[in-house]
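Q: One structure, as C-alpha cells, below. Some questions next.
In this note's numbering, the protein residues as written are 24 to 178.
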C-alpha cells in the first residue's frame, strides 16, 4: 500500500468510529470508505458477504462496480472464502480463475472475516492498478483489522 498509509492509525480510527456501532452493514461501509480514501492507488475497497452455501454477494464498497456474486469455487475472493485464508496476488492476470470485475486491476489482497466459530462471514477485498502493490505487512495489518471486525461483530 502507499508508503504514507498508516495501518496502525487506520485500526485506531476505525475502532473509535465503530466502538458503539452494532450494524454490520454500517461498519463495512465505514471500513471500505476509510481504506479507499486513505490510499489513492486502491481502485476498489469493499466486502463480499457469505449469503448462502459457498456463495459471496457484494457488500458495501468504494470504487467502480463490483461483481454481484462470486462462488467460493472461483477467483481470489472465492479462494479466500473457501480456504478461510488471506490471499495476496501480485499479478491477477496470472490467476487462471480470476474474476475481472475491472480490467484495470492488476493486484489484489483479500482477507476473510471469521466469526467466533472460525466460519467465514465475509471477505475484505482490496484491488490496485499497480503490480505487486500489496506487501506482507499490508496483509498482516488487514488481517489484524479483520480479526477485530470478526470479534466485534461475530463473537
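Glycine is no exception: its CB is placed at the ideal position from the N, C-alpha and C atoms.
What does the Cβ neighbour count give for residue 160, buried or exposed, with the cut at 16 atoms within 10 Å?
A: exposed
Q: Does residue 150 come out as helix, strand or coil in the three-state DSSP assignment?
A: Residue state, collapsed to three classes: strand.
Q: Pull up the CB-CB distance for residue 129 and residue 115, whole angstroms please, since I reckon it's below 8 angstroms.
A: 6 angstroms
Q: Quick check: the Cα distance between residue 153 and residue 124, rounded to an integer number of angstroms?
A: 16 angstroms
Q: Is the number of C-beta pairs between the region 64 to 71 and the region 87 to 94 that are closer than 8 angstroms three or more?
A: The region 64 to 71 is in contact with the region 87 to 94.
Q: Would you mind working out which of 141, 83, 50 and 78 sits nearest residue 93, comparing C-alpha positions?
A: 78
Q: How far does the beta strand (DSSP E) with residue 136 in it reach, from first residue to last?
A: Note, residue 136: beta strand (DSSP E), 130 to 137.
Q: May I ask you to report which of helix, strand or coil DSSP gives residue 68?
A: strand
Q: Ignore the nearest five residues each way along the sequence and tell me which others in residue 176's own chain have a CB closer than 6 angstroms to its CB.
A: Counting only Cβ-Cβ distances below 6 angstroms, and skipping sequence neighbours, we find 47.
Q: Looking at residue 131: is its Cβ nearer than 7 angstroms to the Cβ of residue 150?
A: yes
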